[in-house]
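First the structure, in the form of C-alpha cells, and then the observations on it.
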Ligand code: 5RP
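Residue numbers (our numbering): 520 to 749.
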C-alpha cells in the first residue's frame, strides 16, 4: 500500500481511539507513528476545550517530548498509580488480542504503563492483524548490555534467530540504556508459554509479547475503522 494511505489509516485509528478519552482521565500516551495521532488529537481536544483536566503518562522519552510540545500536562505513575486508559500501537495483533510490540524499542515502559491501566486500547492499520504472532515480526527483546551475547545464544537455543538492533554503526540503546535483540521465532504456536520462558532468563529485561493485556483494538482499513472488543 502507498505510504500516504498507510499514514491515513494510522491517523484514522489513532483519532478514533482518542474519542474514548474523557475529561478528568489519566491517559497513557503510547509510542510510535500510530499512537502519536491519538496524542495529537487529545491535545487538539484540550485546546478546543472539548476535554479538560487530562494528565498524560508517556510511554517513552520520544512521546514525552512530543506531549510537552503539544501542551499536554504530564504526570508519573508515582503521582497517579492508576491509569484510566492507554492508547498504544502494536507491530502484530493476533485474534486473541495478544500482541508483539517494541518496533520502536519502547516496550518496557509501554508494558509498565499498560499494566497500570484499566483499559489498553491498541491502534493499528489492518496490515498488523495476523493469525499467529511471529508471522511477519521478530520479537524485540530488551537485554542488559552486559553479556548480551549470552542472551543471543540462549534465544538461539530456544529456536530463534536473534539480531542485535543497530542505530547506524552502534547498537541501538533503549530509554533505559539497554540493547534490543530482535528474535525471529517464526510463527509462534504458544505465545504465553514463550513469554514465560523469556521471563525466566536473567539478562532479559523485557520482551515484546503482550499477552492478554489489550481490551480493545481499533483497526483502520480501506473499508473504514473497526472497533474490536474483548
Ligand atoms: C514501540 C511500539 C509501537 O507501538 C509499535 O512498534 C507500533 O508502531 P507504529 O505505530 O509506528 O507502527 O511498540 O515500541
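All C-beta atoms, glycine included, are put in the ideal place defined by N, C-alpha and C. Here the structure is a predicted model, which means the values were calculated and not measured.
Between residue 733 and residue 648, the gap from beta carbon to beta carbon reaches 8 Å or more. Nearest Cα to residue 645 within the set 659, 584, 713, 614: 614. According to DSSP, residue 605 shares a beta bridge with 547, 639. Following the DSSP letters along the chain, one finds residue 626 inside the alpha helix (DSSP H) bounded by residues 626 to 634. Cβ-Cβ distances below 7 Å link residue 572 to 542, 543 in the same chain, with the five nearest sequence neighbours on each side left out; the list follows chain order. Residue pairing by DSSP places residue 681 opposite 702 in a beta bridge.
According to the DSSP assignment, residue 710 belongs to the alpha helix (DSSP H) that extends over 710 to 718.
Rounded to whole angstroms, residue 601 and residue 612 show a C-alpha spacing of 25 Å. Under the three-state reduction of DSSP output, residue 748 falls in the strand class. Boundaries of the beta strand (DSSP E) around residue 726: 723 to 726. Of all alpha-carbon atoms in 737, 577, 631, the one lying nearest the alpha-carbon of residue 726 is that of 631. When DSSP states are grouped into helix, strand and coil, residue 590 belongs to the coil group. Straight-line spacing of the CA atoms in residue 747 and residue 534 works out to 15 Å. Residue 594 places its beta carbon 8 Å or farther from that of residue 558. In chain order, 532, 535, 536, 642, 746 place their CB closer than 6 Å to the CB of residue 737, counting only its own chain and leaving out the 5 sequence neighbours on each side.
With a cutoff of 7 Å, residue 583 does not count as near the ligand 5RP, since its C-beta is closer than that to no heavy atom of the ligand. Per DSSP, reduced to three states, the secondary structure at residue 645 is helical.
For residue 661, the uninterrupted beta strand (DSSP E) segment begins and ends at 658 to 662. Residue 706 and residue 653 have their alpha carbons spaced roughly 4 Å apart. Excluding residues up to 5 positions away in sequence, nothing lies with its Cβ nearer than 7 Å to the Cβ of residue 719 in the same chain.
Put simply, the backbone Cα of residue 604 is about 10 Å away from that of residue 575. Residue 680 sits exposed, since fewer than 16 C-beta atoms from the chains shown fall within 10 Å of its C-beta.
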